[in-house]
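Numbering (this note's numbering), first residue to last: 41 to 133.
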């Protein structure tokens with residue numbers, strides 16, 4: 041669902057958001073309308089759901105990213121090796 045910048049956007053489907061129950065804490069999810077006045081894409085308003093207990097916010101972009109997450113950027117990259125302490129002497133100071 042794409043926002044058109046108007047507060048009369050239809051709400052997110054409840055089956056995608058856990059039937060109005062927060063997936064994080066089990067609290068009540070309430071529909072809210074968010075305005076982004078500094079957005080340069082032309083999409084000013086977003087309808088989403090916010091948990092009344094923990095404050096978790098879910099909208100269509102968050103749901104899409106959870107279903108199709110970005111690839112792991114560290115895949116194939118050499119892991120960093122940290123320095124290790126080496127004991128060179130037999131006696132302790």
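Where is the CB? At the ideal position from N, CA and C, for every residue including glycine. Since we're looking at a predicted model, the values are computed, not measured.
### Message
My assumption, with CB atoms under 8 Å, is that residue 112 sits in contact with residue 64. Please give the rounded CB distance.
### Response
Residue mapping note: residue 112 aligns to position 72 of the chain shown, counting from 1. Residue mapping note: residue 64 aligns to position 24 of the chain shown, counting from 1. About 23 Å separates the two Cβ atoms, so there is no contact after all.
### Query
Is it buried or exposed for residue 106, if we count other Cβ within 10 angstroms and need 16 for buried?
If you number the chain shown from 1, residue 106 lands on position 66. Residue 106 comes out exposed.
### Query
So, is residue 127 buried or exposed, given that buried needs 16 or more other C-beta atoms within 10 angstroms?
In the chain shown, the residue the question calls residue 127 occupies position 87. The Cβ neighbour count for residue 127, taken over all protein chains shown within 10 Å, is under 16; the residue is labelled exposed.
### Query
So the beta strand (DSSP E) residue 90 belongs to, where does it begin and stop?
The residue you call residue 90 lines up with position 50 of the chain shown. Note, residue 90: beta strand (DSSP E), 85-91.
### Task
May I ask which residues mark the beginning and end of the alpha helix (DSSP H) holding residue 103?
Taking the first residue of the chain shown as 1, we reach residue 103 at position 63. Note, residue 103: alpha helix (DSSP H), 100-107.
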